[in-house]
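In this note's numbering, the protein residues as written are 49 to 552.
Below is one structure, written out as structure tokens; comments come after it.
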């Protein structure tokens, strides 16, 4: 009989938009210990969202310390952790000085829209928002890293000075963390594919894209696969443990949901909402407003897989807004109770376009609006309309994926905080009219990073083994409404979207 000291574990750093977590998984993919460190981003001006890279690092240290204390209290030791994976908010760039190792300015968070005037200028210069889509899979928008890097180069004196010295380095959050923890300057293919600077066919930085956005190759990290050892942690509670997995958060959830076959799709409901559809070994370039991205590459010699992606800027953050800014609720749990007090939305629709509308609309002139209010409307109707908003936008993405791929999706795998609500998942099934499948293991983003790291250090030996981890118990939701009712609801949503446009 094996003892506790014989067991092995894999750690996962999950660095998100509003919190950082460190989780420790056993070989069955079960969470043994975890700790979360919530934080607030900075909103210096309307549309600006930023965060100190140093504070992000501090949140990592806090999360690791909390988890390790719990892990130790269970009778385990950090030496039993064989590798650590990183999953992170994507598109958020950090500018730092390679000589001092210090950040030069705040990280510009992915949903920041300060670059809107710059985006319009760049589109004019390019002649089209999709000028480089055949290279990098992405349109020119405020969303992606290259535009934010260009803004830093034009507006931050410290960044300009570092460039003159030749010490400027850019990186997404994964790069910043790996650099500060191991000393190595790298990124993985999934994060690189979200910068607008990587050629998604060659997996190298594109000279054409770099020249257009004004970023130099010497200022960018080495691109590596999603599952290999990038270096060992240099100090702290995890000193000596290799970092062996790295994926952007949505790609990590794709791995954690075992979406390894072409035609499989997952939707993650977090701060934002992100659907990825596995298109296999060849990229499909969307004609319907979706993004073409790298799904994952599980090893230096592994075949990369591609995905179509649709992103919703505001999902769980709309609930935070109702709580923190409007005072409609005291805690997120109230959303379910409130929406349960009504049978439907009462004609109320909430388009949560606080930063514009992402795929497949791509309208940065949209703004949030609540329409259809009458004296009949209650807090319950607004709560339900908030939950429905995410589900309607998910359907719009799904329709675009169907058109691009020519495939009828029959099942949607779901994860993320909002999936804890049975009611929200039932609404989603009603609006989609397909099976919605929720795994018992909800932490699929962190699990995906852990699986990649475990594969890199030999805890798991193959993709086949990864498929078996944490995929046993699921809950399925099916539509309970008529086609007539669904059509009526969708017409109301389309009208609400029209009302949200041309505000900025």
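Even glycine gets a Cβ: it sits at the ideal position worked out from N, Cα and C.
Being a predicted model, the structure only gives us computed values, none of them experimental.
Classified as buried, residue 57 has 16 or more neighbouring CB atoms from the shown chains inside 10 Å of its CB.
Between the stretch 494-507 and the stretch 70-79, the count of Cβ pairs shorter than 8 Å is three or higher; the stretches touch. In the DSSP assignment, residue 236 is bridged to 272. For residue 169, the enclosing alpha helix (DSSP H) stretches over residues 164-174. For residue 417, the beta-bridge partners assigned by DSSP are 399. Residue environment for residue 242: buried (at least 16 other C-beta atoms within 10 angstroms of its C-beta). Residue environment analysis places residue 91 among the exposed positions, since fewer than 16 neighbouring C-beta atoms fall within 10 angstroms of its C-beta.
Three or more Cβ pairs drawn from the stretch 289-308 and the stretch 323-334 lie within less than 8 Å of each other, which places the two stretches in contact. In the three-state DSSP reduction, residue 344 falls in the strand class (E or B).
Contact between the stretch 213-231 and the stretch 136-146 is present: three or more C-beta pairs spanning the two stretches fall below 8 Å. The C-alpha of residue 170 is placed about 11 Å away from the C-alpha of residue 178.
Taking 8 Å as the upper bound for CB-CB distance, residue 339 and residue 452 are not in contact here, some 11 Å apart. Here the alpha carbon of residue 429 sits roughly 10 Å from the alpha carbon of residue 420. Per DSSP, residue 358 is one residue of the beta strand (DSSP E) stretching across 353-360. Assigned with DSSP and collapsed to three states, residue 144 falls in strand.
Residue environment: residue 198 is assigned as buried (16 or more neighbouring CB atoms within 10 Å of its CB, all protein chains considered). Counting only residues of its own chain and dropping the five nearest sequence neighbours on each side, residue 67 has a CB closer than 7 Å to the CB of 84, 85, 86 and 87. When 417, 316, 367 and 422 are compared, the shortest CA-CA separation from residue 435 is found for 367.
In this structure, the CA atom of residue 292 is about 6 Å from the CA atom of residue 132. Residue 160 is positioned such that its CB atom lies no closer than 9 Å to that of residue 365. For the set 450, 472 and 529, the Cα lying nearest the Cα of residue 439 is the one of 472. Boundaries of the alpha helix (DSSP H) harbouring residue 429: 427-453, taken from the DSSP string.
DSSP, reduced to helix, strand and coil, places residue 119 within a helical segment of the structure shown. The residues 237, 273, 274 and 352, in chain order, have a CB closer than 7 Å to that of residue 345 in the same chain once the five nearest residues on each side in sequence are set aside. Here DSSP, grouped into helix, strand and coil, assigns residue 82 to strand.
Nearest to residue 194 by C-alpha distance, out of 223, 245, 498 and 202, is 245. Burial check for residue 81: the Cβ neighbour count within 10 Å reaches 16 or more, so the residue is buried. For the options 433, 350, 422 and 427, the alpha carbon positioned closest to that of residue 400 is the one of 433. Here residue 295 is bridged, per DSSP, to 135.
Note that the C-beta distance between residue 181 and residue 336 is not below 9 Å. Between the stretch 262-272 and the stretch 451-471 there are fewer than three inter-stretch CB-CB distances shorter than 8 Å, so the stretches are not counted as touching.
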